[in-house]
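In terms of full-length UniProt numbering, the sequence shown has 717 at position 717, counting the first letter as 1, and numbering is strictly consecutive. To keep things clear, I will list the structure first and then write my remarks on it.
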Amino acid sequence: MFAPFPDPTWRLSESGYDPLRESSRETRFAISNGHLGVRGERAFTRGRLWVTPARTYVAGLFDRTGEAGGVPVLLPAADWLQVQVHVAGVRFVEEPADVPSHTMDLDMRRGLVLSDCIHGAGALRMRVRTLRLVSLSDREVGLQLIRMDVLEGEEAIALEASLEGVNHDLTPQSALPDLMTWRTRRSGIALAIAAAASLKIDGEASPPSQAGPLRSSWAWATRPGQVVEFERIVSVARSRGDGDAATTARSALRRARDRGAAGVAADHEASWSQRWACSAVEVDGDADAQRALRFAAYHLNSAANPADDRVSIGARALTGGDYGGHVFWDTEIFLLPFYCHTWPEAARALLMYRFHGLDAARAKAASLGWTGALYAWESAGDGEEATPPYAIAPDRHVLGILTGVREQHISADVAYGVWRYWSTTGDDEFLREAGAEILFETARFWAARAVLEPDGRRHVRGVIGPDEYHETIDDNAFTNVMGQWNIHAALQTADLLRRKWPRRWSELSGRLGLDEPELLRWRETADAIVTGYDPKTGLFEQFAGFFELEPIDLSRYVGRSVPMDVVLGRERTRRSQVIKQADVLALLALLPDTFPGDAGKRNFLYYEPRCGHGSSLSPPLHALVAARLGETDKALDYFRRTAAIDLSDAAAAIGGGVHIGALGGLWMTVIFGFAGVAFDDDEIILSPRLPAGWTRLAFSLLWQGRQIRCEIRQTAQRLTLALDSGSSTTVRIGVKRYPLHPGLPLEAAY
Ligand code: IFM
1 MFAPFPDPTW
11 RLSESGYDPL
21 RESSRETRFA
31 ISNGHLGVRG
41 ERAFTRGRLW
51 VTPARTYVAG
61 LFDRTGEAGG
71 VPVLLPAADW
81 LQVQVHVAGV
91 RFVEEPADVP
101 SHTMDLDMRR
111 GLVLSDCIHG
121 AGALRMRVRT
131 LRLVSLSDRE
141 VGLQLIRMDV
151 LEGEEAIALE
161 ASLEGVNHDL
171 TPQSALPDLM
181 TWRTRRSGIA
191 LAIAAAASLK
201 IDGEASPPSQ
211 AGPLRSSWAW
221 ATRPGQVVEF
231 ERIVSVARSR
241 GDGDAATTAR
251 SALRRARDRG
261 AAGVAADHEA
271 SWSQRWACSA
281 VEVDGDADAQ
291 RALRFAAYHL
301 NSAANPADDR
311 VSIGARALTG
321 GDYGGHVFWD
331 TEIFLLPFYC
341 HTWPEAARAL
351 LMYRFHGLDA
361 ARAKAASLGW
371 TGALYAWESA
381 GDGEEATPPY
391 AIAPDRHVLG
401 ILTGVREQHI
411 SADVAYGVWR
421 YWSTTGDDEF
431 LREAGAEILF
441 ETARFWAARA
451 VLEPDGRRHV
461 RGVIGPDEYH
471 ETIDDNAFTN
481 VMGQWNIHAA
491 LQTADLLRRK
501 WPRRWSELSG
511 RLGLDEPELL
521 RWRETADAIV
531 TGYDPKTGLF
541 EQFAGFFELE
551 PIDLSRYVGR
561 SVPMDVVLGR
571 ERTRRSQVIK
581 QADVLALLAL
591 LPDTFPGDAG
601 KRNFLYYEPR
611 CGHGSSLSPP
621 LHALVAARLG
631 ETDKALDYFR
641 RTAAIDLSDA
651 AAAIGGGVHI
661 GALGGLWMTV
671 IFGFAGVAFD
681 DDEIILSPRL
691 PAGWTRLAFS
701 LLWQGRQIRC
711 EIRQTAQRLT
721 LALDSGSSTT
731 VRIGVKRYPL
741 HPGLPLEAAY
């Protein structure tokens, strides 16, 4: 059980101790199941405690911070992994640097964190191994195992297992020996933790003495050859209602105890095997890329919970505190494609979270004077706007944050996610019952937001695009074209509903007050929206006036260690053409058909040199676009830059959590970029352009109820496609079309 998965390509391993890299390692080694997230704190030892506190996050456990203008943030729950040891009555404390034998493994194949170490105190020497997991098959459940093999020494030893570090915003409600409950101070969310701990000495159960709620201790005498096994099962539940969290925690604990630690671990491992069967991407010829893709899929699979559609995935998932657990466009644009094609149930739950947030989005639009739904730029529990109104800059100036009001493309991004999910999965029931309403209300927002002006065109003024260096701009191409697309998608949906589900159409259109004149206005609005496209140059202007701004030669700043807005200062950055992240190029990534002829290439050549990549979301979109344009070396370069964000120790520390959007972007780059997967009505299209050195690429995808396996062999310039389930379809490779039938793999040159 304590042995890490034998194949090292499925593991991240670290040994020794480097204080400067600890917080990044803790992020990387986080375990999560979309409900619980536990940072990968080193198993031993940091000062006072023998086992260090591992910060635990519970999805949806948001509360407002106390200060004025405070926004909801994700609260860490109590640490359930704490253990203290006393040897001969003295607390056993080892500084990490004194434990050179310490190794830790993140076993990505099985979703485990393991550690192995030799400890010494007085005459005592022990080999200590640990395992921790949060169950992927029973999401409330966590398991901690510690095995101590006494190598030398006869000493009196005591071990106390407890639960510590409760956040002061969690108000205790009850404390029983095996269950504690809290309530968040302001949002009133209930949290319950139940736990059962046991200890065996040489296979014999040793009764604990109860030292308090969720606190047990044992005392015994060591002798060489002795084997001590500590086991703790916990269950952590969150609820809005009064007793629910406690009931859920109790029954989850009962289920887990009935299964036993070995059963819990086996079920968890089986769930991980299932996830990998749907989502593994194999690369031959590039070990770093293979590791990066495993790491990406590991965290993506860890981040989602298909059973809870009241939560979504924050920009750092449940692996760290940055951005207070808030949900951005990252989810719909960067994560959803992975889930749509590998785990549709998870994708659906994420979109249902947005559906439940429709009222908050309607209220936000109304508060700003528009109709329809304007989603929160940063959203937390119920979808209300959670963007902090200001931040303190490093020079201690107070900076106003305008994104919460002005970064409105989020509404089109959510709509894009809805459409993508529906067109990928064919989940009509979702479209009918939830997706259509999101599409209609977001389209309604754009129809109000794009204002008819004397030039006869519709303008969207005073927004922030993905490039947040330029605030309060007019006619951002990304925002306008996505808004226009949103309206078209809503009109198509209205047609579909009318034709296929007329009863639902009349019920929904009646409730929303949607009538023919309004649909006509939408159509006219979409036709009249300024897009910024100039057919003469083939360029989209990022926003009105962008071309007149100061050009800056970014090649002069290669090797800088701070973002470009810090190098130039905010004001000059605003007056320059330096872009924070893909903006027109984000549009190219999402709606490539909007770029006629060679306009895609032209825009790439124009905008790429102007981008400072001040967001982790930028390199993956550049990678994807470059790969599609056949700029494979450049794409690989951006792919590696993206992978380095979370995996390279040379990059900035990532103590605040993994950049889950960038990890989703890695997956998108490989599937939609290097493999060139696209879909056209009832056809799957493949245009592989693998990087030099990638001799083989293999992956699985779900599409319209079909499970498709794909293998691309670069040396032979051939590919194999197999339909493992679902009905026959057509595959287009270059200009050729091939039928694909179940049980009859397709072999073709590309
Ligand atoms: O959503 C992003 C945004 O585009 C740039 N700043 C960070 C956010 C969270 O990843």
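Don't be surprised by glycine CBs; every beta carbon is placed ideally from N, CA and C.
Heavy atom of the ligand IFM within 7 Å of residue i beta-carbon
{"i": "S615", "result": "yes"}
{"i": "V478", "result": "Reading off the sequence shown, one finds Phe at residue 478, where the question assumed Val. No, the beta carbon of F478 sits no closer than 7 Å to any heavy atom of the ligand IFM."}
{"i": "A315", "result": "yes"}
{"i": "P466", "result": "yes"}
{"i": "Q173", "result": "no"}
{"i": "F328", "result": "yes"}
{"i": "Q581", "result": "yes"}
{"i": "G661", "result": "yes"}
{"i": "Y416", "result": "no"}
{"i": "Y323", "result": "yes"}
Closest Cα partner of residue i within the set the options
{"i": "G324", "options": "A675, P72, A627", "result": "P72"}
{"i": "I410", "options": "L159, V327, C340, S251", "result": "V327"}
{"i": "A361", "options": "E345, R348, E378", "result": "E378"}
{"i": "I193", "options": "L176, S209, D202", "result": "L176"}
{"i": "A716", "options": "W505, L690, R709, A245", "result": "L690"}
{"i": "E95", "options": "H119, A78, I733", "result": "H119"}
{"i": "A262", "options": "S115, S135, E524, Y375", "result": "S135"}
{"i": "L702", "options": "V451, L336, R640", "result": "L336"}
{"i": "R449", "options": "A366, A415, F430", "result": "A366"}
{"i": "L253", "options": "L723, G142, D284, H622", "result": "G142"}
{"i": "V227", "options": "E204, L214, P213, R240", "result": "E204"}
Bounding residues of the beta strand (DSSP E) (the contiguous stretch that carries residue i)
{"i": "P72", "result": "72-77"}
{"i": "L214", "result": "It is not in any beta strand (DSSP E) - L214 carries neither H nor E in the DSSP assignment."}
{"i": "I146", "result": "141-152"}
{"i": "R737", "result": "736-740"}
{"i": "W182", "result": "179-184"}
{"i": "I157", "result": "156-164"}
{"i": "F679", "result": "678-680"}
{"i": "W422", "result": "Where W422 is concerned, there is no enclosing beta strand (DSSP E), although the alpha helix (DSSP H) it sits in stretches over 409-425."}
{"i": "A190", "result": "190-201"}
Euclidean distance between Cα positions of residue i and residue j
{"i": "K536", "j": "T594", "result": "15 Å"}
{"i": "N486", "j": "D359", "result": "19 Å"}
{"i": "L61", "j": "R316", "result": "15 Å"}
{"i": "Y17", "j": "R223", "result": "29 Å"}
{"i": "R432", "j": "S206", "result": "58 Å"}
{"i": "L686", "j": "A675", "result": "7 Å"}
{"i": "R610", "j": "S187", "result": "43 Å"}
{"i": "R232", "j": "D107", "result": "20 Å"}
{"i": "D527", "j": "S271", "result": "48 Å"}
{"i": "T669", "j": "A156", "result": "57 Å"}
{"i": "R406", "j": "L368", "result": "10 Å"}
{"i": "F604", "j": "W694", "result": "24 Å"}
{"i": "Y738", "j": "E683", "result": "10 Å"}
{"i": "L663", "j": "A211", "result": "44 Å"}
{"i": "A260", "j": "D308", "result": "It is worth fixing the name first, because residue 260 is Gly in this sequence and not Ala. Cα-Cα distance, rounded: 25 Å."}
{"i": "R238", "j": "E384", "result": "19 Å"}
Alpha helix (DSSP H) segment containing residue i, residue limits
{"i": "A365", "result": "358-367"}
{"i": "A262", "result": "244-279"}
{"i": "M104", "result": "Where M104 is concerned, there is no enclosing alpha helix (DSSP H), although the beta strand (DSSP E) it sits in stretches over 103-107."}
{"i": "Y298", "result": "287-303"}
{"i": "E488", "result": "In the sequence under discussion, the amino acid at residue 488 is His, which differs from the Glu named in the question. Segment 477-500, the alpha helix (DSSP H) holding H488."}
{"i": "L590", "result": "584-590"}
{"i": "A123", "result": "No alpha helix (DSSP H) contains A123, which DSSP labels as neither H nor E."}
{"i": "Y606", "result": "599-607"}
{"i": "L647", "result": "632-647"}
{"i": "F338", "result": "336-342"}
{"i": "L624", "result": "618-628"}
At least three beta-carbon pairs within less than 8 Å, the region 539-546 to the region 471-479: yes
Meets three-Cβ-pair contact criterion under 8 Å: the region 506-522 and the region 575-587: In short, these stretches do not touch, since the Cβ pair count stays below three.
The region 336-354 contacting the region 638-656, beta-carbon criterion three pairs below 8 Å: The region 336-354 is not in contact with the region 638-656.
contact_flag[the region 149-165, the region 219-236] where n(CB pairs < 8 Å) is 3 or more: yes
Contact between the region 624-635 and the region 2-14 (3+ Cβ pairs under 8 Å): Not touching, per the Cβ criterion.
Three-pair Cβ contact test at 8 Å for the region 76-88 versus the region 162-169: yes
Touch test, the region 501-513 against the region 428-445, Cβ-Cβ under 8 Å, three pairs minimum: yes
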